[in-house]
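Shown next, in structure tokens, is the structure this report addresses.
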Amino acid sequence: MLEATDLCCERGDRTLFAGLEFTVAPGSLLRVAGANGTGKTSLLRILCGLLQPTAGEVRWRGRDIRKAREEYLRDLVYVGHLNGVKDELTVSENVKIALAVSGRQVDDAVVRRALDAVGIAHVEHTMARFLSQGQRRRIALARLFATPDAPLWVLDEPFTALDTRGVAALSQLISSHVGHGNTVVFVTHQDVAIAVARLQHVDLGGRTSVAESTC
Amino acid sequence: MLKIFLHVVRRDLLLAMRQKADVLNTLFFFVVVVTLVPLGIGPEPALLRDIAPGVVWVAALLAAILSLPRLFANDFADGTLEQMLLSAEPLSLIVLAKATAHWLSTGVPLTLMAVVCGLLFDMDHRSTAALVGGLALGTPVLSLIGSIGAALTLGLRGGAVLASLLVLPLYIPVLIFGAGAVGAAAAGLSVSAYFLLLGAFFLFAAVLMPWAVAIALRISVE
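In order, the protein sequence lines correspond to chains A and B.
For what it's worth, this note's numbering labels the leading residue of the first sequence as 29, then goes sequentially.
For what it's worth, this note's numbering labels the leading residue of the second sequence as 2, then goes sequentially.
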């Protein structure tokens with residue numbers, strides 16, 4: 029259960045949002061919407077603990093994420109705006125090292141399967157520097173395919189630079205992840221239909237509201 | 002715990018190997034400074050022997066400063082630093098690993114090169130040993146203290162200059178006692194007091210810096 033209470037974020041002297049409240053139960057997908065500059069990325073970074081909110085707090089399983097940081101980070105996988113891909117490492121080295129640094133077990137078979145699922149297994153031993161934007165995005169997303177047991181994914185524009193098949197594969201992954209009782213929070217501008225039991229919206233455009241729809 | 006340390010050290014060394022130019026730049030700078038000074042000062046052997054420890058230590062200090070941006074700037078730019086901050090393992094351990102890798106790819110080559118510098122300046126064996134020993138103890142301190150400068154100035158314009166301004170005063174004790182050890186050895190005195198002080202700096206930096214750097218990184222990445 030991910031809860032945000034009375035979140036407020038100021039960048040510079042602008043207030044991006046204030047008094048934001050929502051609760052995301054396990055097995056639901058939260059989509060953060062809003063025009064450019066309304067603080068979507070800031071909200072995600074606050075949810076990850078990378079950015080301190082001006083006011084309010086984020087709780088995971090009932091505990092403030094700042095107080096239970098280690099347990100929280102063990103549960104969290106974040107794919108941000110930046111891919112976190114090293115140009116000088118090969119594709120598989122990138123995924124393995126990213127998993128190792130995040131403190132997770134690195135299993136060669138799991139990494140292979142993840143690369144396969146994300147469609148870059150054929151360039152496994154190529155330096156990331158020689159790959160296209162879309163392929164580099166896939167390296168970052170391979171971390172999701174390799175961590176199906178992480179209860180919380182936070183994804184910032186995960187569909188950027190992906191082709192239609194990539195988008196389809198990722199939305200399927202998200203829907204199955206949510207289907208297994210996990211939580212996914214994501215931002216996207218693209219109109220992607222993700223089939224989940226519980227879909228929640230947070231709209232940061234001007235006024236902040238939380239709408240809930242079941243489909 | 003130990004695993005993440007080794008993973009990060011290996012990662013950074015692998016990256017350093019693949020970006021040899023960065024590492025060689027630092028070494029090349031060190032060699033150039035050390036070899037240019039005699040050309041500027043003149044070929045008087047006694048004078049050169051006297052100034053050798055100072056020259057080598059100052060060159061090592063400047064070379065260490067030159068290599069500081071490499072510590073975090075690239076990882077910050079491509080988002081891997083963000084992922085390190087989100088690691089379930091202690092950030093200070095990751096920082097310690099990064100400083101260790103930085104020392105292995107900068108401090109150790111500089112220390113080895115100092116043997117050649119000893120020959121170049123016609124230093125006796127005892128002085129050369131004191132120089133190399135002092136650098137072996139002092140360069141990890143340079144990497145550790147340097148990491149706080151690099152972390153605090155991350156993402157700032159002109160960060161490299163600011164970082165050197167921040168860390169230079171903290172480098173001065175290392176310079177004084179490191180060069181002092183060589184002077185004492187040349188005069189036939191015991192160097193143990195100098196080495197003990199350098200060792201104390203090292204322990205102090207190894208305990209406090211990773212923790213301080215971890216906090217600085219969290220602030221810089223916001």
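All C-beta atoms in this analysis are idealised placements derived from N, C-alpha and C, irrespective of residue type, glycine included.
Everything numeric in this text was worked out from a predicted model, so none of it was measured.
Q. Quick one, which of A:P54, A:Y106, A:W88 has its alpha-carbon nearest S203 (chain A)'s?
A. If we check each option's Cα against that of S203 (chain A), A:P54 comes out closest.
**Q.** Nearest-angstrom Cα separation, counted from L3 (chain B) out to W104 (chain B)
**A.** 18 Å
Q: Examine chain A for any beta-carbon lying closer than 8 Å to the beta-carbon of S221 (chain B), and answer yes or no.
A: no
Q: On the DSSP bridge assignment, give the partners of D88 (chain A) in chain order.
A: The sequence shown places Trp at residue 88 (chain A), not Asp. Partner(s): A:L30, A:R91.
Q: Output the distance between the C-alpha atoms of V32 (chain B) and V168 (chain B), rounded to the nearest integer angstrom.
A: 22 Å
Q: Write down the C-beta distance between F77 (chain B) and L155 (chain B) rounded to the nearest angstrom, noting that I regard them as a contact closer than 8 Å.
A: 5 Å
Q | DSSP bridge partner residues for R158 (chain B) (one or two, in chain order) | A | DSSP lists no partner for R158 (chain B).
Q: Check whether the Cβ of K68 (chain A) lies closer than 8 Å to any Cβ atom in chain B.
A: Answer no: the Cβ-Cβ gap between K68 (chain A) and chain B never drops below 8 Å.
Q: Measure from the alpha carbon of T192 (chain A) to the alpha carbon of each residue in A:F173, A:V52, A:I93, A:R166, then state which is nearest.
A: A:R166
Q.
Mapping the DSSP letters down to three states, classify D184 (chain A) as helix, strand or coil.
A. strand
(Q) Only counting the same chain, and skipping five residues up and downstream in sequence, which positions put a Cβ closer than 6 Å to that of F6 (chain B)? (A) L94, A98
Q | Integer Cβ distance of P135 (chain B) from V183 (chain B), believed to fall under 8 Å | A | Position check: residue 135 (chain B) holds Gly in this sequence, whereas Pro was assumed. In this structure G135 (chain B) touches V183 (chain B) by the C-beta definition: roughly 7 Å separates them, less than 8 Å.
(Q) With H, G and I counted as helix, E and B as strand and the rest as coil, what does DSSP make of M155 (chain A)? (A) strand
Q) Roughly how many whole angstroms lie between the Cα atoms of V224 (chain A) and R59 (chain A)? A) If you take the alpha carbons of V224 (chain A) and R59 (chain A), they lie about 12 Å apart.
Q. From which residue to which residue does the alpha helix (DSSP H) around E83 (chain B) run?
A. 81–86
Q: Spatial neighbours of A174 (chain A) within its chain, please: CB distance less than 7 Å, with the 5 preceding and 5 following residues excluded, ordered by chain position.
A: V123, L127, V138, V139, A142
Q) Of the residues A:S120, A:L104, A:A96, A:A170, which one's Cα is nearest the Cα of V151 (chain A)? A) V151 (chain A) has its Cα closest to that of A:S120, out of A:S120, A:L104, A:A96, A:A170.
Q | Given A213 (chain B) as reference, the closest of B:R12, B:S148, B:A180 once Cα atoms are compared | A | B:S148
Q.
So, at 7 Å on beta carbons, what are the nonlocal neighbours of E83 (chain B) in its own chain, with the 5 sequence-adjacent residues on each side left out?
A. Once the five neighbours on either side are set aside, the close Cβ partners of E83 (chain B) are V222.
Q) In chain order, what residues of the stretch 15–29 of chain B put their CB closer than 8 Å to some CB of chain A? A) L15, L16, R19, Q20
Q. According to the neighbour-count rule (16 or more other Cβ atoms, all chains shown, within 10 Å of its Cβ), is C243 (chain A) buried or exposed?
A. The predicted position of C243 (chain A) is uncertain, since its pLDDT is 47 and thus under 50; no value can be drawn from it.
Q.
Using beta carbons (cut-off 8 Å, strictly below), is H8 (chain B) in contact with chain A?
A. yes
Q. Name the residues in the stretch 86–115 of chain A whose C-beta lies less than 7 Å from a C-beta of chain B; which are they?
A. E98, L101, R102, L104, Y106, G108, L110, N111, G112, V113, K114
Q: Quick one: give me the first and last residue of the alpha helix (DSSP H) that L121 (chain B) is part of.
A: Taken as a continuous stretch (DSSP letters only), the alpha helix (DSSP H) holding L121 (chain B) covers 109–121.
Q) Do you know offhand how far K21 (chain B)'s Cα is from L28 (chain B)'s? A) 11 Å
(Q) With DSSP as the reference, identify every bridge partner of C37 (chain A), one or two as the case may be. (A) A:F45
Q.
Between which two residues does the alpha helix (DSSP H) holding L153 (chain B) run?
A. 126–153
Q.
Check whether chain A comes within 8 Å of E45 (chain B), counting only Cβ atoms and requiring the distance to be less than that.
A. no
Q: Report the rounded CA-to-CA distance for G162 (chain A) versus T188 (chain A), giving the unit in angstroms.
A: 8 Å
Q.
Could you check whether the Cβ of Q163 (chain A) sits closer than 8 Å to any Cβ belonging to chain B?
A. no
**Q.** Identified DSSP bridge partners for V213 (chain A)
**A.** A:L58, A:V182
Q) In terms of residues, what are the limits of the alpha helix (DSSP H) holding L244 (chain B)? A) Shown here, chain B extends from 2 to 223; a query on residue 244 (chain B) therefore has no answer.
Q: Answer yes or no: does any C-beta atom of chain A fall closer than 8 Å to that of R234 (chain B)?
A: With chain B represented from 2 up to 223, any question about residue 234 (chain B) goes unanswered, as that position is not in the structure.
Q: Locate the alpha helix (DSSP H) running through V107 (chain A), then write down its first and last residues.
A: First-last for V107 (chain A): 104–107, but that is the beta strand (DSSP E), not the alpha helix (DSSP H).
Q. If you measure from the beta carbon of I125 (chain A) to each beta carbon in chain B, is any gap under 8 Å?
A. It does; some Cβ of chain B falls within 8 Å.
Q) Hey, does Q80 (chain A) have any beta-carbon neighbour from chain B nearer than 8 Å? A) It does; some Cβ of chain B falls within 8 Å.
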